[in-house]
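*Asks:*
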Amino acid sequence: MIVRLFAITLLGWMLGFAWFAIFLPQPLDGRPTDAIVVLTGGAGRIDRGLALLQEGAAKRMLISGVDRSVRPAELAAQYDVPERLFSCCITLGREAIDTRSNAIETAHWLERRDYRTVRLITTDWHMRRSALELRQALPERVTIVYDAVPSRPSLTMLAREYNKYLLRRGAALIGI
Numbered sequence: 000m001i002v003r004l005f006a007i008t009l010l011g012w013m014l015g016f017a018w019f020a021i022f023l024p025q026p027l028d029g030r031p032t033d034a035i036v037v038l039t040g041g042a043g044r045i046d047r048g049l050a051l052l053q054e055g056a057a058k059r060m061l062i063s064g065v066d067r068s069v070r071p072a073e074l075a076a077q078y079d080v081p082e083r084l085f086s087c088c089i090t091l092g093r094e095a096i097d098t099r100s101n102a103i104e105t106a107h108w109l110e111r112r113d114y115r116t117v118r119l120i121t122t123d124w125h126m127r128r129s130a131l132e133l134r135q136a137l138p139e140r141v142t143i144v145y146d147a148v149p150s151r152p153s154l155t156m157l158a159r160e161y162n163k164y165l166l167r168r169g170a171a172l173i174g175i
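Below, the structure is given as structure tokens:
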């Protein structure tokens, strides 16, 4: 009986992992939203957010998880965008240190501005857990659209993220 239970659990984990790895979220079109939220930590995330902001896909952008030592002028120079874009339309969120605190920081930022739609930008392998955290932190009235930055994650990276996703999903089910 214990062996069968273990085998069924392992089979369930493997099927879930296959779904997680094969059907990674994809980039979204340039449809407009009230705001863009970029989670730091992966290549191409900030580039994607800046490009969409410059195209007029949103009014404002939050970059969540920025180190306290980073200045807007440095980011403007690094990403070759006008510094005035940072003063008018971009907020650097400096409170977040992990995915859960990214969601909390984002929720506070959105509440202060009363936005109804937000585009979440993060790496494809990170999107499901980020979306789960953000959905839990935001009120139901806020619509989230998911805009994944494509990557080439290793099998180890995917397995680690899948396990984090399962643990977080389980914790959410019991109210943690």
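Residue 129 in numbering that gives the first Met the number 0 sits at position 130 of the sequence shown, with consecutive numbering throughout.
Note that beta-carbon positions come from the ideal geometry of N, C-alpha and C, so glycine has one too.
Quick caveat: nothing in here was measured; it's all calculated off a predicted structure.
1. Going along the chain, which residues of its own chain have a beta-carbon closer than 6 Å to the beta-carbon of residue 59, five neighbours each way excluded?
2. Look up residue 92 in the DSSP assignment and give the residues it is bridged to.
3. Let's see if you can read the secondary structure: which residues bound the beta strand (DSSP E) around residue 204?
4. Skipping 5 residues on each side, what residues in its chain have a beta carbon closer than 8 Å to that of residue 47?
5. Pick helix, strand or coil for residue 14, following the three-state DSSP scheme.
6. Please say whether residue 94 and residue 110 have beta carbons closer to each other than 8 Å?
7. What is the residue span of the alpha helix (DSSP H) that residue 105 lies within?
8. Tell me whether residue 126 is buried or exposed, calling it buried when 16 or more other Cβ atoms sit within 10 Å of its Cβ.
9. Tell me the DSSP bridge mates of residue 145?
10. Would you list the residues sitting across from residue 35 in a DSSP beta bridge?
11. Could you check if residue 162 is buried or exposed, using at least 16 other CB atoms within 10 Å of its CB as the buried criterion?
12. Identify whether residue 130 lies in helix, strand or coil by the three-state DSSP scheme.
13. For residue 16, which of 124, 44, 52 has the nearest alpha-carbon?
14. Is residue 18 buried or exposed, if buried means 16 or more other CB atoms sit within 10 Å of its CB?
*Replies:* Answer, in terms of the structure:
1. Numbered from 1 along the sequence shown, position 60 holds the residue referred to as residue 59. Within the same chain, residue 59 has close Cβ partners 34, 88.
2. Mapped onto the sequence shown, residue 92 falls at position 93. In the DSSP output, where bridge partners are listed per residue, residue 92 has 63.
3. Nothing can be reported for residue 204: it is not among the residues displayed for the chain, which extend from 0 to 175.
4. Residue 47 sits at position 48 when you count from the first residue of the sequence shown. Around residue 47: 26, 37, 120, 146, 148.
5. Along the sequence shown, read from residue 1 onward, the residue named residue 14 stands at position 15. Of the three classes helix, strand and coil, the one that applies to residue 14 here is helix, per DSSP.
6. By one-based count along the sequence shown, residue 110 stands at place 111. By one-based count along the sequence shown, residue 94 stands at place 95. Their beta carbons are not under 8 Å apart, which means residue 110 does not touch residue 94 by this criterion.
7. For the purposes of this step, residue 105 is taken as residue 106 along the sequence shown, with counting starting at 1. Its alpha helix (DSSP H) spans residues 98 to 112.
8. Here residue 126 corresponds to residue number 127 of the sequence shown, with the count starting at 1. The residue in question, residue 126, is buried, as its Cβ has 16 or more Cβ neighbours within 10 Å.
9. The sequence position of residue 145 within the sequence shown is 146, counting from 1. DSSP, once it has assigned bridges, lists 119 as partnering residue 145.
10. Your numbering for residue 35 matches position 36 in the sequence shown. Paired residue(s): 60, 118.
11. Locating residue 162 in the sequence shown gives position 163, counting from the first residue. When all chains shown are included, residue 162 counts as exposed.
12. Sequence index remark: in the sequence shown, residue 130 carries index 131 (1-based). Helix, per DSSP.
13. Here residue 16 corresponds to residue number 17 of the sequence shown, with the count starting at 1. With respect to the C-alpha of residue 16, the residue from 124, 44, 52 having the closest C-alpha is 124.
14. As a first step, residue 18 must be located in the sequence shown, where it is residue number 19. By the neighbour-count rule (16 or more Cβ atoms within 10 Å), residue 18 is not buried but exposed.
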